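These notes concern the structure reproduced below.
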Amino acid sequence: MENDNHVEILTMGGTIDKDYPRLNSGYAFEFGETSAASRILQMHPNLGFTYNVKSICKKDSLEIDDDDRMALLVEISRIIERNNSGTTRRRTRIIVTHGTDTMIETAKFIKERLELDEVDKVPISIAFTGATKPERFVDSDAGFNLGSAISVTSQSIEGFSVLICMNGNVAPADKCARLENGVFCLK
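Mapping to the working numbering: the sequence shown position 4 is 4, numbers consecutive.
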C-alpha cells in the first residue's frame, strides 16, 4: 500500500472554527479565512503524517442542511475513490470538523449513504470532531479533540468506520449520544 500516513481534513464550520468578530462587537463570532485544523497542525512541525485541509462549508451546525451534508458526502466519496483507483490502494483517513449540535446527525447521514464496494477496499476511517469553545480561546478543547480524531484514524485496521471523537471518548456514529452537559459518549 502507498502512503498510509496521509489524513484528509474536511471542515464544516462549527464552534471549532469560529473567530473573534472583525466587524461586530460582542459575541457575534465569524468564520475566519484559515481553519482551526490548519492552525493547530501548523504549530506542530514534526507530525508523523501528511495532511490536506479542505473547507466544505463554514456554518454553525444548526444551519447545516442536507445540501451541505451531500456536499460532504460527495467529497468523501471522491477521496475514497481516489485512494482506491487503478493500482493505488491505501487506507483512507478522513477527519471532519463540525459543530457539536448536529455532529451526530451528519455522521449518521454519511454512514447511511456512503456506498462502498467492499471488494478490494482497504480500511476507511472517518472521524468527526469539533470543540465546545472556539480554537482561538486559550481553554479550547479543539487541539485535544483534533489530535484524538487523527490518532483514532491511524488505528483502524480493517473495514469501514464513522466515529465521533469528542471529550476523550470515541464512539461509532450510530451508537453515540450527547448528554445534557454536552459530553459525547456511547449510548
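C-beta: ideal position from N, C-alpha, C; glycine also. Note that the structure is predicted; figures quoted are calculated from it, not measured.
| Asked | Found |
| --- | --- |
| Residue from Cys57, Glu63, Arg90 whose Cα sits closest to the Cα of Thr153 | Arg90 |
| Under the three-state DSSP convention, the category Met205 falls into | Shown here, the chain extends from 1 to 187; a query on residue 205 therefore has no answer. |
| Glu180, buried or exposed, once every other Cβ within 10 Å from all chains shown has been counted against 16 | exposed |
| Thr102 - DSSP class collapsed to helix/strand/coil | coil |
| Distance CB(Thr129)-CB(Asp141) smaller than 7 Å | no |
| Buried versus exposed call for Gly13 [16 or more other C-beta atoms within 10 Å across all chains shown] | buried |
| Contact under 7 Å by Cβ, Ile79 with Glu8 | yes |
| Same chain, Cβ closer than 6 Å to Leu62, neighbours up to 5 away in sequence not counted | Asp101 |
| Selection from Glu33, Phe31, Gly32, Asn52 that minimises the alpha carbon distance to Leu41 | Asn52 |
| Supposed contact pair Val122 and Asn167 - C-beta distance, whole angstroms, cut 8 Å | 29 Å between Cβ atoms; not a contact. |
| Phe109 (DSSP reduced to helix, strand or coil) | helix |
| The alpha helix (DSSP H) enclosing Ser77, as first and last residue numbers | 66 to 83 |
| Test item: CB-CB of Ile164 and Ala177 under 7 Å | no |
| Alpha carbon of His6 to alpha carbon of Gly182, nearest angstrom | 31 Å |
| Span separating the alpha-carbon of Cys185 from that of Glu105 | 14 Å |
| Own chain, CB closer than 7 Å to Arg39, minus 5 neighbours either side, in chain order | Glu135 |
| Neighbourhood of Phe109 by C-beta distance below 7 Å, restricted to the same chain and skipping five residues each side | Arg69 |
| Neighbour-count burial assignment, Asn145, 16 or more Cβ in a 10 Å radius | buried |
| DSSP-derived helix/strand/coil call for Arg93 | strand |
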